[in-house]
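Chemist:
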Amino acid sequence: MKKLILLGILILTFACSNKDNTKPNNLMSEDEMVDFLFDINVINSSRAYNNRSDLNYYNINDSLLFNKHEIDCLKFVNSNFYYASNPKQYLKIYSKLEYKLNQLKDSLTKELDILTIKRRDSLN
């Protein structure tokens, strides 16, 4: 989470120096940006852990992610550049992303707690 915030700050710092706020023709909506960045963060985070399941997150490449969101890399780059050039909008996107990531974390924590209780009960 700290890396995400640091990345946002770095991009905002760079973006503030840019005065060209021309809106691209194929701009992703804020919600599309949140969803795309969410998937990127989940995939990158999952790569850091040893996975005992058959799912191999290393096989998820950029083209699969772009296909899922029905965009191309140029649309993302242009949208990211545009939003980074508008710090208030970019901060709003990252606030939504943080909220969504926290919801995922909370649901996983809850599920883990339930499984832990079931396991403990089965041992008794």
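The opening position of the sequence shown corresponds to residue 221 in this note's numbering, with each subsequent residue numbered one higher.
Glycine included, each C-beta is placed from N, C-alpha and C at the ideal position.
1. CA-CA distance, K312 and A304?
2. Check each candidate in N298, L335, N322 and name the one with the smallest Cα separation from K243.
3. First and last residue of the alpha helix (DSSP H) that includes E331?
4. In three-state terms, what does DSSP make of I263?
5. Rounded to the nearest angstrom, what separates L294 and E250 at their Cα positions?
Modeler: From the atom records:
1. 11 angstroms
2. N298
3. 307-343
4. helix
5. 16 angstroms
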